[in-house]
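Trainee: In the numbering used here, the protein residues as written are 957 to 1279.
1) Taking the C-alpha atoms as reference points, what is the distance between residue 1002 and residue 1079?
2) Does the distance from the C-beta atom of residue 975 to that of residue 963 stay below 8 Å?
3) Does the beta-carbon of residue 1143 have 16 or more other beta-carbons within 10 angstroms, so that it is buried, or is it exposed?
4) Run through the DSSP bridge pairs and tell me what residue 1005 is partnered with.
5) Need the endpoints of the alpha helix (DSSP H) that residue 983 sits in, please.
6) Confirm, please, whether the CB-CB distance from residue 1155 to residue 1222 is below 8 Å.
7) Would you say the stretch 1120-1139 touches the stretch 1032-1047, given that touching needs at least three Cβ pairs under 8 Å?
8) Would you list the one or two residues that DSSP bridges to residue 1039?
9) Using beta-carbon positions only, say whether residue 1111 and residue 1261 come within less than 8 Å of one another.
10) Going residue by residue through the stretch 1066-1135, where are the continuous alpha helix (DSSP H) segments of at least 4 residues, counting only ones entirely within it?
11) How close, in whole Å, do the beta carbons of residue 1009 and residue 1033 come, if the pair is a contact with beta carbons under 8 Å?
12) What does a CB cutoff of less than 6 Å around residue 1196 pick up in its chain, not counting 5 residues either side in sequence?
13) Can you look up residue 976 in the DSSP assignment and give me helix, strand or coil?
14) The alpha helix (DSSP H) with residue 1262 in it runs from where to where?
15) Closer than 8 Å by C-beta to residue 1225: which residues in its own chain qualify, once you throw out the five before and the five after it? Chain order, please.
16) Helix, strand or coil for residue 1156? Go by DSSP, reduced to three states.
17) Can you check which of these residues, 1256, 1105, 998, 1050, is closest to residue 1178 by C-alpha distance?
18) Ends of the alpha helix (DSSP H) at residue 1063?
19) I believe residue 972 touches residue 1029 by the beta-carbon criterion, under 8 Å. Please report the beta-carbon distance rounded to the nearest angstrom.
20) Cβ of residue 1263 less than 8 Å from any chain D Cβ?
21) Would residue 1252 be called buried (16 or more neighbouring beta carbons within 10 Å of its own) or exposed?
22) Need the endpoints of the alpha helix (DSSP H) that residue 1232 sits in, please.
23) Express the C-alpha separation of residue 1094 and residue 1085 in angstroms, rounding to a whole number.
24) Pick out whichever of 1174, 1069, 987 has its Cα sitting closest to the Cα of residue 1026.
25) What did DSSP end up calling residue 1151 once you bin it into helix, strand or coil?
26) Leaving aside the five residues before and after residue 1180 along the sequence, list all residues of the same chain whose C-beta is less than 6 Å from its C-beta, in chain order.
27) Where residue 1092 and residue 1063 are concerned, what is the direct C-alpha to C-alpha distance, given to the nearest angstrom?
28) Three-state secondary structure (DSSP) at residue 1198?
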């Protein structure tokens, strides 16, 4: 991105968004079309509007600006958070965050955001609904188990809970099928290639394509692993701090959980993953740490396959990444 561009930092919440312009002037607008129009009067085609990915809240503004041909960049909130931590600041206000987002854009290479196709938008909406259904399903299962522990569960309650659980499963099955159809429209071959990785299930492959926009969002396997949070955190400093390695709780939790489930099968049937798993366990490390490493390896294999455009090959040596 051209460093001569002027950046507007935008911090978005449900009802309003705060803006810091290149001259450090602060503005606040309503998070609706009326507010978007007022904000757009401050802009020209040389400026770049930088905002964090903030759930649903940022999308309406982002699409409005792109449709008006303004430059937009959507950055990872974790990257901005680390940037703020490096500044050792204890301030936490929307105005301050907008300023930090602008400064982050000034000092880092930020990509322009082009928006998403209708299929991508639908897929993301379905993925979010699936996540909600999964939580509801877990709650119902826990409730059913709780009723059984009473020793004499009420039939009408038990039957109602079971019917609700069955209905959610039916809806999830329909949504899973629709997700695969949507991914195949734009990434049929990529999905097929990802499914060729031993241990990689269709659900995980589908979610990888959706959440990474067909891997276009990442320039390296390391960036992808950081996004998913599969890189182990090592706590060691001198002789006083020597904590156990653990999986990062930052990053995309949904993808991380799916990959961790895949790691059990991959550690058996995927040669590269099996070698990593055995090497770590044989060193006396925990099996969980080994499975985290397997999850990381699955991501690296996925990235290599997305870049090469060819199916999984046990003997393939990628020149793009070093696993």
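A virtual CB, placed ideally from N, CA and C, is assigned to each residue, including glycine. Since we're looking at a predicted model, the values are computed, not measured.
Mentor: According to the data block:
1) Answer to the nearest angstrom: the Cα atoms are 32 Å apart.
2) No, these two residues do not count as a Cβ contact at 8 Å.
3) Residue 1143 should be labelled buried.
4) Residue 1005 is bridged to 964, 1028.
5) Where residue 983 is concerned, there is no enclosing alpha helix (DSSP H), although the beta strand (DSSP E) it sits in stretches over 982-986.
6) Cβ distance < 8 Å, so residue 1222 and residue 1155 count as in contact.
7) Fewer than three Cβ pairs drawn from the stretch 1120-1139 and the stretch 1032-1047 lie within less than 8 Å of each other, which leaves the two stretches out of contact.
8) None, per the DSSP bridge assignment.
9) For residue 1111 and residue 1261, no; Cβs fall outside 8 Å.
10) Counting only runs of 4 or more, we get 1074-1104.
11) About 6 Å; that satisfies the 8 Å criterion.
12) The predicted model places residue 1196 with a pLDDT of 45, which falls under 50 and marks its position as unreliable, so this point remains unresolved.
13) Under the three-state reduction of DSSP output, residue 976 falls in the strand class.
14) Residues 1243-1264.
15) The beta carbon of residue 1225 sits closer than 8 Å to those of 1154, 1155, all from its chain and outside the five residues before and after it, given in chain order.
16) The answer is coil: DSSP assigns residue 1156 none of H, G, I, E or B.
17) Residue 1256 is the option with its Cα nearest to residue 1178.
18) Element bounds for residue 1063: 1050-1063.
19) By a beta-carbon distance limit of 8 Å, residue 972 does not contact residue 1029. Their separation comes to about 20 Å.
20) Protein chain content of the structure displayed is limited to a single chain, and chain D is not contained in it.
21) Answer is buried; the Cβ neighbour count reaches 16.
22) Residues 1227-1238.
23) Their backbone Cα atoms lie some 14 Å apart in a straight line.
24) It is 1069.
25) Helix.
26) The residues are 1174, 1255, 1259.
27) Each residue's alpha carbon lies about 43 Å from the other.
28) Any reading at residue 1198 must be qualified, since the residue scores a pLDDT of 48, below 50, and its modelled position is unreliable; the value itself is stated next. Here residue 1198 sits in strand by DSSP.
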